[in-house]
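Read through the structure below, which is laid out as structure tokens, and then see the notes.
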Amino acid sequence: MVHKDTERQAELRQTVRDFCADFGNEYWRAKDLERSYPQEFVDGITQKRLLAALIPEEYGGLGLGISEASIIMEEINRSGGHAAACHAQLYTMKAVLNHGSEWQKKEYLPSIADGSLRLQAFSITEEAAGSDTSSIQTRAVKDGDDWVITGHKNWTSRIDESDLLLVLTRTADKDAADRSAGLTLFLVDLRQVRAEQPDALRPVKVRTMFNYATNQIFYEGLRVPSSAVVGEVGKGFRYVIDGWNMERILLAAEAIGDGYWFIDKAVDYAKSREVFGRPIGANQGVQFPITEAYMKLRGADAIRWEACELADANEPCGVEANMAKYLASETAWEAANVCLNTYGGYGFVDQYDVERKFRENRMYQVAPVNNNMIKAFIGTKVLSMPRSY
């Protein structure tokens, strides 16, 4: 069944479009060139409480679902923007909302909702472990009423722009019988860290092929109170999975937004660009690839909405979330290449923005999980074939 926005969703979509209209391609092009954080954009979208979409109304949020959050992410990218500047605040919410203590929710959620606090940083991946999260080595050791965290993470984005940080650590040795055991999730107040123990957390900026504000992080005896533990000690891996499924859905929506942006750009150019006395879009060699990419994108979008509906109904959605991320990233990348081919040499010129969005879009096939890992997951969990890893 084709998804049709509810009245509230349609209003939300228009709200995001209207807001993004004030941040055109020139804005994002300049930020990309400078590799600078789009602070003005994030400030504005925070003031509109759009990043508080998933926070319940009792804590000052909008009390919306994953479906609505996905619309926000889609429309940012469809406008020509880049939702990576702020998307983590939405998908990290699930771990806190589902498993955070009542104290954590009352202490932080109202301030996140009104924009006075930001939860933008999620610190999990390590160089040696890679996608094998159960093999991380960053360790938290109990010391009186506190925990002391020591280790290294090689991908932690937006920590300089965040007031709060979620970090996954090992609190017990790896158990071969239960690879997910012994991992604990902490919600760290970076304001306290910066004021009282700045040398205990050392971020090192990493320059990437597009503007992503990411870092390596060295945890050097970082002391956090027991109140920072999310849920129960040793069960953090399961809590992170909640966030992962939401992350896959929301990044699928971002890729879908990119895909529609590429299709729209390609169609407009194919209709307006004339060579040999007629629009290039009259040539089937130009028209058919655009059409094929569009049809595939519509199919990927349908799986995205299936995943959203399951998530909002609190039903298991891991399979659909992963398929949505896979299909959206693959089809958006096809649309990116089709758009670049349609523009020809002009597609490589920054003023047309195709090359910028092309670089940004490539990430979705690799992060937050490589597409080959998704195929392995579907092959074993859905099709019951032998496990490959």
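Numbering (the numbering used here), first residue to last: 2 to 390. Beta carbons are placed, not taken as given, at the ideal position from N, Cα and C, and that holds for glycine.
Could you give the distance in angstroms between the alpha-carbon of residue i and the alpha-carbon of residue j?
{"i": "Ile150", "j": "Glu248", "result": "25 Å"}
{"i": "Ile77", "j": "Glu255", "result": "8 Å"}
{"i": "Gly348", "j": "Val339", "result": "10 Å"}
{"i": "Glu27", "j": "Phe359", "result": "16 Å"}
{"i": "Val205", "j": "Asn155", "result": "9 Å"}
{"i": "Ser102", "j": "Ala229", "result": "9 Å"}
{"i": "Ala114", "j": "Gln40", "result": "17 Å"}
{"i": "Arg195", "j": "Val225", "result": "12 Å"}
{"i": "Ile375", "j": "Met324", "result": "7 Å"}
{"i": "Thr16", "j": "Leu63", "result": "14 Å"}
{"i": "Trp262", "j": "Met386", "result": "37 Å"}
{"i": "Gln10", "j": "Ala141", "result": "42 Å"}
{"i": "Asn315", "j": "Ala283", "result": "47 Å"}
{"i": "Glu275", "j": "Ile72", "result": "35 Å"}
{"i": "Ala329", "j": "Gly232", "result": "32 Å"}
{"i": "Gly82", "j": "Lys266", "result": "14 Å"}
{"i": "Ile56", "j": "Cys87", "result": "15 Å"}
{"i": "Leu65", "j": "Val320", "result": "22 Å"}
{"i": "Asp164", "j": "Leu110", "result": "12 Å"}
{"i": "Asp259", "j": "Val168", "result": "29 Å"}
{"i": "His4", "j": "Ala294", "result": "19 Å"}
{"i": "Leu13", "j": "Gly145", "result": "48 Å"}
{"i": "Arg279", "j": "Met364", "result": "36 Å"}
{"i": "Arg50", "j": "Leu188", "result": "21 Å"}
{"i": "Tyr390", "j": "Phe289", "result": "39 Å"}
{"i": "His153", "j": "Arg171", "result": "12 Å"}
{"i": "Val97", "j": "Gly346", "result": "47 Å"}
{"i": "Tyr92", "j": "Asp133", "result": "20 Å"}
{"i": "Gly61", "j": "Lys106", "result": "11 Å"}
{"i": "Leu34", "j": "Arg180", "result": "42 Å"}
{"i": "Gln48", "j": "Arg18", "result": "15 Å"}
{"i": "Tyr353", "j": "Ala271", "result": "14 Å"}
{"i": "Lys235", "j": "Ala173", "result": "Here residue 235 is Gly; the residue named in the question, Lys, does not match the sequence. Distance between the alpha carbons of Gly235 and Ala173 is about 7 Å."}
Here's the rule: buried if 16 or more other CB atoms are within 10 angstroms of the residue's CB, otherwise exposed. What is residue i?
{"i": "Ser80", "result": "buried"}
{"i": "Ala129", "result": "exposed"}
{"i": "Leu341", "result": "buried"}
{"i": "Arg36", "result": "exposed"}
{"i": "Glu7", "result": "This sequence places Thr at residue 7; Glu is not what is there. Exposed: under 16 other Cβ atoms inside 10 Å."}
{"i": "Pro369", "result": "buried"}
{"i": "Gly286", "result": "exposed"}
{"i": "Arg357", "result": "buried"}
{"i": "Gln90", "result": "buried"}
{"i": "Leu184", "result": "buried"}
{"i": "Glu127", "result": "buried"}
{"i": "Leu384", "result": "exposed"}
{"i": "Phe277", "result": "exposed"}
{"i": "Trp148", "result": "buried"}
So, helix, strand or coil for residue i, using DSSP?
{"i": "Phe263", "result": "helix"}
{"i": "Gly300", "result": "helix"}
{"i": "Asp190", "result": "strand"}
{"i": "Leu223", "result": "strand"}
{"i": "Lys49", "result": "coil"}
{"i": "Leu91", "result": "helix"}
{"i": "Val234", "result": "coil"}
{"i": "Pro369", "result": "coil"}
{"i": "Thr185", "result": "strand"}
{"i": "Glu316", "result": "coil"}
{"i": "Tyr38", "result": "coil"}
{"i": "Val3", "result": "coil"}
{"i": "Phe24", "result": "coil"}
{"i": "Val135", "result": "It should be noted that the sequence gives Ser, not Val, for residue 135. Of the three classes helix, strand and coil, the one that applies to Ser135 here is helix, per DSSP."}
{"i": "Tyr109", "result": "helix"}
{"i": "His83", "result": "coil"}
{"i": "Arg305", "result": "helix"}
{"i": "Pro387", "result": "coil"}
{"i": "Ser102", "result": "coil"}
{"i": "Asp354", "result": "coil"}
{"i": "Ala129", "result": "coil"}
So residue i and residue j are in contact, right, with Cβ under 8 Å, and what is the actual spacing, rounded?
{"i": "Ile291", "j": "Ile250", "result": "The Cβ separation is near 26 Å, so there is no contact."}
{"i": "Lys326", "j": "Leu252", "result": "6 Å"}
{"i": "Met74", "j": "Ala84", "result": "5 Å"}
{"i": "Cys318", "j": "Asn371", "result": "Incorrect: roughly 20 Å between the Cβ atoms, too far for contact."}
{"i": "Trp334", "j": "Asn373", "result": "That pair is no contact at about 14 Å."}
{"i": "Leu202", "j": "Tyr220", "result": "6 Å"}
{"i": "Gln217", "j": "Val207", "result": "6 Å"}
{"i": "Ala70", "j": "Ala54", "result": "5 Å"}
Could you tell me which residues DSSP puts in a beta bridge with residue i?
{"i": "Asn216", "result": "Thr157 and Lys206"}
{"i": "Ile375", "result": "Partner(s): none; Ile375 has no beta bridge."}
{"i": "Ser124", "result": "Val168"}
{"i": "Ala141", "result": "Ile150"}
{"i": "Asp176", "result": "Asp179"}
{"i": "Pro280", "result": "Glu275"}
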